[in-house]
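Asker: Numbering-wise, my numbering puts 54 at position 46 of the sequence shown, and it's gapless, one number per residue.
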Amino acid sequence: MTFRREETVQIPESDLEGMSVDTLAVRAGQIRTDQLEHSDAIFPTSSFVYGSAAQAAARFGGDEPGNIYSRFTNPTVQAFEGRIAAMEGGERAVATASGMAAILSTCIALLKSGDHVICSRGVFGTTNVLFQKYLARFGVETTFVSLTDYEEWRQASRPETRMLFLETPSNPLCEVADLEVLSRLARTSDALLVVDNCFCTPVLQRPLEHGADIVIHSATKYLDGQGRCVGGVVVGPDKLMEEVYGFLRSAGPTMSPFNAWVFHKGLETLPIRMRAHCDNALELALWLEQQNAVETVYYAGLQSHPQHELAKKQQKGFGGVLSFRVKGSREEAWRFIDATRMISITANLGDVKTTITHPATTTHGRLSPEDKDHAGITENLIRLSVGIEDVEDLKTDLMRGFDALGS
Ligand SMILES: Cc1ncc(COP(=O)(O)O)c(C=O)c1O
Numbered sequence: 009m010t011f012r013r014e015e016t017v018q019i020p021e022s023d024l025e026g027m028s029v030d031t032l033a034v035r036a037g038q039i040r041t042d043q044l045e046h047s048d049a050i051f052p053t054s055s056f057v058y059g060s061a062a063q064a065a066a067r068f069g070g071d072e073p074g075n076i077y078s079r080f081t082n083p084t085v086q087a088f089e090g091r092i093a094a095m096e097g098g099e100r101a102v103a104t105a106s107g108m109a110a111i112l113s114t115c116i117a118l119l120k121s122g123d124h125v126i127c128s129r130g131v132f133g134t135t136n137v138l139f140q141k142y143l144a145r146f147g148v149e150t151t152f153v154s155l156t157d158y159e160e161w162r163q164a165s166r167p168e169t170r171m172l173f174l175e176t177p178s179n180p181l182c183e184v185a186d187l188e189v190l191s192r193l194a195r196t197s198d199a200l201l202v203v204d205n206c207f208c209t210p211v212l213q214r215p216l217e218h219g220a221d222i223v224i225h226s227a228t229k230y231l232d233g234q235g236r237c238v239g240g241v242v243v244g245p246d247k248l249m250e251e252v253y254g255f256l257r258s259a260g261p262t263m264s265p266f267n268a269w270v271f272h273k274g275l276e277t278l279p280i281r282m283r284a285h286c287d288n289a290l291e292l293a294l295w296l297e298q299q300n301a302v303e304t305v306y307y308a309g310l311q312s313h314p315q316h317e318l319a320k321k322q323q324k325g326f327g328g329v330l331s332f333r334v335k336g337s338r339e340e341a342w343r344f345i346d347a348t349r350m351i352s353i354t355a356n357l358g359d360v361k362t363t364i365t366h367p368a369t370t371t372h373g374r375l376s377p378e379d380k381d382h383a384g385i386t387e388n389l390i391r392l393s394v395g396i397e398d399v400e401d402l403k404t405d406l407m408r409g410f411d412a413l414g415s
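(1) Fully enclosed by the segment 123-160, which beta strand (DSSP E) runs are 3 residues long or longer?
(2) Excluding five sequence neighbours on each side, which residues of the same chain lie with their C-beta closer than 7 Å to the C-beta of ILE50?
(3) Please state the DSSP three-state secondary structure of SER376.
(4) With hydrogens ignored, establish whether the beta-carbon of ASP232 is closer than 7 Å to any heavy atom of ligand 1.
(5) Look at the Cβ atom of ALA355, then the Cβ atom of THR348, and state whether they are nearer than 8 Å.
(6) DSSP three-state label for ASP381, please.
(7) Whole angstroms are fine: how far does the CA of GLN86 sit from the CA of ASP221?
(8) Sort CYS182, ASP123, ASP30 by Cα distance to ARG391 and report the nearest one.
(9) DSSP on THR104, reduced to helix/strand/coil?
(10) State the CB to CB distance for the pair THR228 and SER393, rounded to an integer number of angstroms; the pair is presumed to be in contact (CB under 8 Å).
(11) Starting from the Cα of VAL34, find the closest Cα among GLU297, THR404, GLY274, ALA319 and give me that residue.
(12) Tell me which residue opens and which closes the beta strand (DSSP E) that ILE364 is part of.
(13) At the level of alpha carbons, what is the spacing between LYS335 and LEU200?
(14) DSSP three-state call for GLU2: helix, strand or coil?
(15) Run the proximity test for CYS286: is its beta-carbon closer than 7 Å to any non-hydrogen atom belonging to ligand 1?
(16) Sorry if obvious, but does the Cβ on SER226 come closer than 7 Å to a heavy atom of ligand 1?
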């Protein structure tokens with residue numbers, strides 16, 4: 009009998025070199041056991057055993073590679089890390105217990121007291137709190153700037169600036185930043201460019217190709233795609249990831265094997281899901297623009313969006329999140345939201361189910377009135393994370409909102 013492949017355990021990375029994100033989503037990072045399973049095994053174990061005391065000593069001493077304890081490494085977590093690293097085009101990924109843990113771990117591992125961060129104003133509300141309230145206590149000062157005002161970024165830069173942090177597209181207003189411009193600024197400031205790529209995922213945007221040093225994800229969102237688990241991941245050069253890994257190993261905000269398995273499998277359908285999200289979101293954005301009760305629609309796929317051309321150049325699609333302002337204030341926004349029947353009222357995004365959110369009182373509720381103002385989070389703003397349901401059914405449900413507004 010002849011084996012078709014000598015290598016039955018795992019497809020060597022070199023065999024996948026140059027392949028597209030769609031293929032890497034399905035094939036990269038698999039760690040096949042000697043049972044030769046076609047799907048992926050899950051290793052829900054806290055520790056690993058050794059053949060002898062000497063082997064245990066060698067593992068602990070770093071003289072022999074291999075698993076020791078799942079706060080350090082776990083094969084299921086490594087499989088997910090390998091796959092997302094390949095998709096982002098990064099050398100290495102480090103998975104974390106949540107998206108916030110990914111941001112915190114990156115900052116703690118790579119910043120020190122006295123360092124300065126420049127962060128875009130439109131970031132996720134809790135990211136803002138992390139910088140302003142917690143990192144500030146440890147001597148890391150943050151200046152917030154407009155995502156798309158590069159002069160403001162330049163002026164905020166100081167000799168001690170070590171990190172530029174942003175989300176593009178931003179949450180919830182879908183502003184798009186030019187990563188190449190910001191990466192040039194990061195180079196001249198000797199700072200790291202860190203991009204939260206949660207909205208686009210590597211299917212639509214690969215920030216490392218545009219000069220970013222590190223990519224961060226809340227895996228909770230599109231990477232899972234079905235709202236099952238909370239998790240995060242950091243991707244970047246091996247040298248920087250070794251620092252992030254070192255913090256995780258000591259402090260412990262690691263990803264559980266079960267969650268890693270869900271995310272790993274979630275990645276397999278990410279490319280087709282993202283295409284469906286993008287198609288539905290564009291259709292809804294165009295439709296919303298025509299509604300009498302709508303003041304403005306924010307979606308980079310619209311010709312009217314100020315960074316439409318940049319988004320076309322930098323991204324492979326415009327994503328599944330859009331926002332719009334209804335005419336009126338909080339009362340009208342809440343009435344609209346409450347009138348929908350199928351769409352879920354929840355703060356999560358990136359799910360196959362469409363979700364509707366009032367950012368001013370939920371995701372961005374903890375921002376000061378001044379910060380909300382700066383970030384454009386008004387009381388009449390509604391965010392939709394467009395799912396993959398039939399778009400005509402989504403319109404039917406949203407029409408209930410417009411009917412409640414009497415338009
Ligand atoms: C853009 C963005 N980054 C980070 C996070 C935080 O992720 P997690 O909830 O997984 O901690 C979120 C959560 O909504 C988010 O929207």
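All residues carry an ideal CB built from backbone N, CA and C; glycine is no exception. In this text the structure is predicted, and so the values were computed from the model without any measurement.
Answerer: In terms of the structure at hand:
(1) 124-128, 149-153
(2) The count along the sequence shown starts at 1 and reaches residue 50 at position 42. Hits under 7 Å: THR84, PRO265, PHE266, TRP269.
(3) As a first step, residue 376 must be located in the sequence shown, where it is residue number 368. In the structure shown, SER376 sits in coil (DSSP, three-state: anything other than H, G, I, E or B).
(4) On the sequence shown, position 224 is the one that residue 232 refers to. For ligand 1, not one heavy atom lies less than 7 Å from the Cβ of ASP232.
(5) The count along the sequence shown starts at 1 and reaches residue 355 at position 347. The count along the sequence shown starts at 1 and reaches residue 348 at position 340. The answer is no: Cβ separation not under 8 Å.
(6) Taking the first residue of the sequence shown as 1, we reach residue 381 at position 373. Three-state result, ASP381: helix.
(7) Numbered from 1 along the sequence shown, position 213 holds the residue referred to as residue 221. Numbered from 1 along the sequence shown, position 78 holds the residue referred to as residue 86. In a straight line, the C-alpha of ASP221 is about 21 Å away from that of GLN86.
(8) The sequence position of residue 391 within the sequence shown is 383, counting from 1. Comparing Cα-Cα distances from ARG391 to each of CYS182, ASP123, ASP30, the minimum goes to CYS182.
(9) As a first step, residue 104 is located in the sequence shown; it is residue number 96 there, counting from the start. Reduced to three states, the DSSP call for THR104 is strand.
(10) Reading the sequence shown from its first residue, position 220 is the one you call residue 228. Reading the sequence shown from its first residue, position 385 is the one you call residue 393. Their Cβ separation, rounded to whole angstroms, is 12 Å, which puts THR228 and SER393 out of contact at 8 Å.
(11) Mapped onto the sequence shown, residue 34 falls at position 26. When only C-alpha atoms are compared, the closest one is GLY274.
(12) Counted from its first residue, the sequence shown places residue 364 at position 356. Here the beta strand (DSSP E) through ILE364 covers 363-365.
(13) Taking the first residue of the sequence shown as position 1, residue 335 is located at position 327. Taking the first residue of the sequence shown as position 1, residue 200 is located at position 192. Computed Cα separation, rounded: 41 Å.
(14) Residue 2 lies beyond the stretch modelled for the chain, which goes from 9 to 415, so this question has no answer here.
(15) In the sequence shown, counting from the first residue as 1, residue 286 sits at position 278. CYS286 Cβ: outside cutoff for every heavy atom of ligand 1.
(16) Numbered from 1 along the sequence shown, position 218 holds the residue referred to as residue 226. Indeed, a heavy atom of ligand 1 lies less than 7 Å from the Cβ.
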